[in-house]
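Protein chains in written order, with the numbering used here: chain A, 25 to 302; chain B, 11 to 274.
This is how it looks when you write it as structure tokens:
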């Protein structure tokens, strides 16, 4: 006999409710994704058309965001880059020496640090430090009704609040990732030197330059810039795009972090295709 | 001749609402809170819209100011249809319409008092810093805020914050000034300051030949009698014009008696 909704057993009804919840979640995710894309497109449009509008107000905001999300993170990125270099080389040098494959140190550094973990780690640090504070700051601005106040004065909130953050975070992740890569490569060599690995600095640089392809530079720049843009767009969207109450700020901050990490990892996976087929 | 008459008449109407459906401005749903609003705000008029708390007065003012989209009817701002306006038109309205939000005035919490007032000027004109500083100084003096110029909003009481919002809204030579329940959180002394200031501002602008329309919402008509020239109420989702002082004082409707605090 065919079951109808009305004669379902308790177990069946539970399963139906589960499927309904899953369906609702999928629709919710698609809805958020669509709004995020629309928000990103609006931001891009505003950046292109209004970059030089009211520049005496907006450009200093870009610099102050670069200071907050970039310059202030330099010591932390430097420290992590140094530790990172030591760990990667520390883990691999012994292994490669055993195999007599010391000549691959440069290749491993390029693959692991330049292509993968350098940009990813930098993005995650910037997300933790600047992305979260973005959501809290903008969420509070939204919850206190300052967005409506901006609009009432003819000030475009996307131009005033979002554009400076997107530009600053994109530039910051690119510059910080570059800095992290240099520090990690430098500290990697120091570790190799301390361990008496028979590798001169000139050879080390030679290995690095042989391992690097021109696509690495392009993809590195593109990847890090996009990581920064993702963090900025997702954090600004959750902070600003919807009406918000003060008590909701912590919830949307957590949501923004999860979505940013997911988007960054997915984009990273897409870039892998670029390296494989490039 | 007929054309000239029509033009003069339409020029004197700053904002016109015809059958407008007002939604709650923070609610994403299209639930109508005030229905079928027919209202003409003429240049140089002084309106007070009364109603009980949460009756939809704020949403009505935000809609009339072009800050919240009406879901039905026609809203004309300076003769232009809201629904057919381009972004530039809406930005241009913002320069001609001032809006003072209720309670704390929604100041920018990361800027000092002086920078709150200067921001719209800097953003709009990008003019000489000296000119902007002089204008800010003038506004600070007019609103008795000179002592607070370098303060952050969080250090100020609600009454002072609202006064900063007033100065910020007046930074441009606005033609219509909306005030969302400005007296609700003020002491008697501060309320007196506001009423005197608005009366003087309205009178001076009329004398200058650049009339300023003022539209305020209120939970209580008493202070506004003798200051405002037109009164209206929002009750049960309906907007109704009462008229001038005489009509208000003679009105028998319970809501108007309540707003005059005669029967509570």
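Even glycine gets a Cβ: it sits at the ideal position worked out from N, Cα and C.
Sheet register partners of residue i (DSSP bridge)
i	result
residue 204 of chain B	The partner list for residue 204 of chain B (beta bridge, DSSP) is empty, contrary to what the question assumes.
residue 248 of chain B	B:45, B:245
residue 91 of chain B	B:86
residue 57 of chain B	B:225, B:240
residue 51 of chain B	B:25
residue 235 of chain B	B:238
Same chain, Cβ closer than 8 Å to residue i, five either side skipped, listed in chain order
i	result
residue 265 of chain B	60, 61, 62, 243, 245
residue 164 of chain B	119
residue 235 of chain B	255, 258, 259, 270
Close beta carbons around residue i, own chain, < 6 Å, minus the five adjacent residues each side
i	result
residue 25 of chain B	51, 74, 87
residue 150 of chain B	156, 159
residue 161 of chain A	none
residue 65 of chain B	244
residue 147 of chain A	197, 251, 288
residue 186 of chain B	24, 107, 223
residue 169 of chain A	none
First and last residue of the uninterrupted alpha helix (DSSP H) at residue i
i	result
residue 170 of chain A	170-176
residue 274 of chain A	273-301
residue 107 of chain B	Per DSSP, residue 107 of chain B belongs to no alpha helix (DSSP H); it is in the beta strand (DSSP E), 107-110.
residue 84 of chain A	79-93
residue 231 of chain A	225-235
residue 257 of chain B	255-260
residue 243 of chain A	238-264
residue 265 of chain B	264-269
residue 70 of chain B	67-74
Residue i at chain A interface by Cβ criterion, 8 Å
i	result
residue 119 of chain B	yes
residue 158 of chain B	no
residue 165 of chain B	no
residue 111 of chain B	yes
residue 34 of chain B	no
residue 221 of chain B	no
residue 101 of chain B	yes
residue 171 of chain B	no
residue 130 of chain B	yes
residue 105 of chain B	yes
residue 77 of chain B	yes
residue 134 of chain B	yes
residue 125 of chain B	no
Neighbour flag for residue i against chain B, beta carbons, 8 Å
i	result
residue 172 of chain A	yes
residue 119 of chain A	no
residue 283 of chain A	no
residue 105 of chain A	no
residue 168 of chain A	yes
residue 85 of chain A	no
residue 80 of chain A	yes
residue 177 of chain A	yes
Span of the beta strand (DSSP E) around residue i
i	result
residue 26 of chain B	23-33
residue 188 of chain B	186-189
Own chain, CB closer than 7 Å to residue i, minus 5 neighbours either side, in chain order
i	result
residue 11 of chain B	Note that residue 11 of chain B scores a pLDDT of 37, beneath 50, so its modelled location is shaky; the value from the coordinates is reported in the next line. Nothing meets the Cβ criterion.
residue 17 of chain B	Any reading at residue 17 of chain B is ruled out, since the residue's pLDDT is 40, under 50, leaving its predicted position unreliable.
residue 239 of chain B	55, 56, 254
residue 274 of chain B	Confidence at residue 274 of chain B is low in this model, with a pLDDT of 43, below 50, so its placement is unreliable and the value that follows should be read with caution. 268.
residue 152 of chain A	none
residue 120 of chain A	126, 128, 129
residue 20 of chain B	Since pLDDT at residue 20 of chain B reaches only 43, below the 50 mark, its modelled position is unreliable, and the value read off the structure follows with that caveat. Correct list, in chain order: 89.
residue 181 of chain A	171, 174, 175, 264
residue 156 of chain A	277, 281
Distance cut-off 7 Å: residue i Cβ against heavy atoms of the ligand MG
i	result
residue 154 of chain B	This structure lacks the ligand MG, and indeed carries no ligand of any kind.
Any chance you could list the beta strand (DSSP E) runs of at least 3 consecutive residues sitting entirely within the stretch 112-172 of chain B, in chain order?
none
Which complete alpha helix (DSSP H) runs does the stretch 117-153 of chain A hold, if anything under 4 residues is left out?
129-133, 142-150
Ignoring anything shorter than 3 residues or poking outside the stretch 154-213 of chain A, list the beta strand (DSSP E) runs there in chain order.
none
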